[in-house]
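Heads up, the thing below is written out as structure tokens.
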Amino acid sequence: MLDPLTPAATPLAAGSTFPGGAPTLAELTTLRVGGPVREYVEAQTEAELVSAVRAADDAGAALLVLGGGSNLLASDAPFDGVVVRDARRAIDGVGDDACAGASLTVPAGQPWDDVVATAVQEGWMGVEALSGIPGSAGATPVQNVGAYGQEVAETLSSVRVYDRLERRTRMFAVGELGLGYRTSLLKRSLADTAAGGGRTWGPTGRYVVLEVSFQLRLATLSAPVRYPELARTLGIDVGRRVPAADVRAAVLELRRGKGMVLDAADHDTWSAGSFFTNPLMSVAEADALLPADAPRYPVADHTAIHQIGGSAPVVEDLVKTSAAWLISHAGFEKGFGLGAPASLSTKHALALTNRGGATAEDLLALARAVREGVRAAYGIELIPEPVLLGAAL
Ligand code: EPU
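Under my numbering, residues 2 to 394 are what the sequence shown spells out, in order.
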């Protein structure tokens, strides 16, 4: 585990590029595919980050701001633009008293799992089920990261961003972020002109996250455990609380079992996590499209939790099914394609993996086959979760 206060392992001089040339996107992403980049900047301060973004925008260059690189599938072709990696690390800005709880602010580049580890260690409740998720803290509001019954929507308080349209920093309170299942106003600016201020943006959205603030309750017990699989692993009923450290350990164990904790030696983790989101549909659509034995989960609105640790109200007439189930039952079991450079993970059907020598095209071909297979079997269109750079399904 990284000491959260330790700076990046190999700090570079302000605004410098890698000696000997920029790294390739394969070196910067957990899928380990992607071509060379024209220009690479590693920002050590907020001023450097903002100035690199402004310079790219002024030059009309394509811009990619990267955190952990765990949610990106980049094409093999050269990226004719600027990649900015936010190398800042700090867990500070903590106000901590019994009434107000812990107010925590972290720079966007801070690796997320160290935030969770610190929270559990310090007795700050509300993010323990989000253990072991790769990537940076700044990415968590963009797609409202969630797992094992928790979403960051429950504990986020505000996000400070650089607005590329208005060319200024701005603050969004949690209620202004338009958070939903794996989405936010920040993510919507990629495809939706209303969110983008009259245009679309990409591969980095209109808003570059600078800093994320969380409001956590002081408690060494976890929030009530909502996810049945996690409750089973802990040997408790859904809704009970246990020491947060036990939840963290159980989630890490579950995630490892699914190949969802990064491990350079295990090709099942050379992935972007879940490659497709779980489809949402109306009850009528679910009745028409889904076989009787397909999972149907209630959709909970985590943005409507007004008390830390409170329960999320169920959204009427909306059903979430399991992309992994649809994929497996459409004939793409775990390990599908093994032997080829790209295959499904042997531990979870929802992760597309690089077995060592895969190209982006290998992964895209696999993604297309899976998406087409599910469409043919169930008439449901799976939506990729990672950002696709220079590539499309
Ligand atoms: N299943 C299969 N085959 C498999 C794996 C799963 O059929 O190979 C079926 C099972 O029926 C299982 C169901 O899929 O009960 C759901 O699987 P799981 O509990 O592993 O969760 P998931 O819906 O696939 C979501 C998130 C994960 C998060 C887990 C745990 C999405 C797209 N994925 O996965 O988040 O960790 O729940 O809460 O929402 C991510 O978003 O990248 C991510 C890893």
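Built from N, CA and C at the ideal position, the CB exists for glycine as well.
Short of 7 Å from the beta carbon of Ser323, and not among the five residues preceding or following it, lie these beta carbons of its own chain, in chain order: Asn279 and Pro296.
Note that the segment 194-211 does not touch the segment 220-239; fewer than 3 beta-carbon pairs, one per stretch, sit closer than 8 Å. With a cutoff of 7 Å, Met261 counts as near the ligand EPU, since its C-beta is closer than that to a heavy atom of the ligand. Taken in chain order, the whole beta strand (DSSP E) runs of length 3 or more contained in the segment 186-224 are 208-219.
Residue pairing of Arg169 in beta bridges, as defined by DSSP: Asp164. Between Ala148 and the set Pro135, Ser159 and Ser158, the nearest pair of CA atoms involves Pro135. Between the segment 20-36 and the segment 264-275, the count of C-beta pairs closer than 8 Å reaches three or more; the two stretches touch.
The three-state secondary structure of Trp125, taken from DSSP, is strand. Short note on Leu364: C-beta not closer than 7 Å to any heavy atom of the ligand EPU. Residue environment for Gly150: buried (at least 16 other C-beta atoms within 10 angstroms of its C-beta).
Taking C-alpha positions only, Ala368 is separated from Ser76 by approximately 14 Å. Judged by beta-carbon spacing, Leu353 lies beyond the 8 Å limit of Ala366, meaning their Cβ atoms are not closer than that value. For Leu339, the number of other beta carbons within 10 angstroms of its own is below 16, and it is reported as exposed. Minimum Cα-Cα distance from Glu386 among the listed residues Val239, Glu334 and Phe277 corresponds to Phe277. For Pro229, the enclosing alpha helix (DSSP H) covers residues Pro229 to Leu235. Taking Asp267 as the centre and dropping the five residues before and after it, the same chain places the C-beta of Gly260 closer than 7 Å to its C-beta, in chain order. Closer than 7 Å to some heavy atom of the ligand EPU: that does not describe the Cβ of Trp125. Spanning the alpha carbons of Asp58 and Glu129 requires a straight line of approximately 38 Å.
For Trp326, the distance from the CB to the nearest heavy atom of the ligand EPU is below 7 Å.
In chain order, Val83 place their CB closer than 6 Å to the CB of Glu40, counting only its own chain and leaving out the 5 sequence neighbours on each side. Residue side-chain check: Gly198 keeps its Cβ at 7 Å or more from all non-hydrogen atoms of the ligand EPU. Looking from the CA of Glu155, the closest CA among Met126, Asp115, Ser132 and Val162 belongs to Met126.
Note on Ser283: under 16 other CB atoms within 10 angstroms of its CB, so exposed under the neighbour-count rule.
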